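Asks: My structure is below; once you've seen it, I'll send some questions.
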Amino acid sequence: MDDIRTETGSADQLTNVLDLINVVPNPYYAYSEYEKSRLDTRVKITNLPERCTIKIYTVNGKLVRSFQKDSPITSLDWDLNNHKGIPVAGGVYLIHIEVPDIGEVVLKFFGGMRQIDLQGI
């Protein structure tokens with residue numbers, strides 16, 4: 390029975406779980422099912438561990454936004470704004486997720502942004 394028992398805290402298994410982290414929808418074409426109104430823009434970073442650091446960069450290495458996650462919720466919403474609350478431009482972004490004592494993963498994200506439609510509100 391030792392071969393099939395549940396193994397907890399295995400560094401190898403925890404490292405493999407990093408491959409499950411994802412950003413959805415990707416690519417983002419100006420709309421996602423997570424948005425609640427026409428002014429809302431949002432994507433989700435899913436399958437996150439309880440504690441991690443998430444940093445979002447442009448492809449030329451400029452830090453756009455960072456998050457410190459410390460909750461049992463397994464996803465994080467990014468409102469597609471930078472650290473000053475300004476909407477980001479459409480393009481490719483790199484999302485770096487660092488999990489303490491486990492490892493790190495880098496995701497590529499493409500977002501095609503829409504202009505805000507204030508007439509249809």
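Under my numbering, the sequence shown has 435 at position 46, and the numbering climbs by one with no breaks.
Think of the CB as a built atom: it goes at the ideal place given N, C-alpha and C, for glycine as much as any other residue.
None of the values given here were measured: they were computed from a predicted structure.
Check the DSSP bridge columns for E439 and list the partner residues they point to.
Replies: Bridge partners of E439: none, in fact.
Asks: In angstroms, rounded to a whole number, what distance separates the CA positions of I443 and Y418?
Replies: Each residue's alpha carbon lies about 22 angstroms from the other.
Asks: Comparing C-alpha positions only, which one of P489, I434, Y482 sits nearest to T463?
Replies: T463 has its Cα closest to that of I434, out of P489, I434, Y482.
Asks: Does DSSP put V406 in a helix, a strand or coil?
Replies: Here V406 sits in helix by DSSP.
Asks: What three-state label does DSSP hand H472 in the structure shown?
Replies: DSSP places H472 in coil when its eight states are reduced to three.
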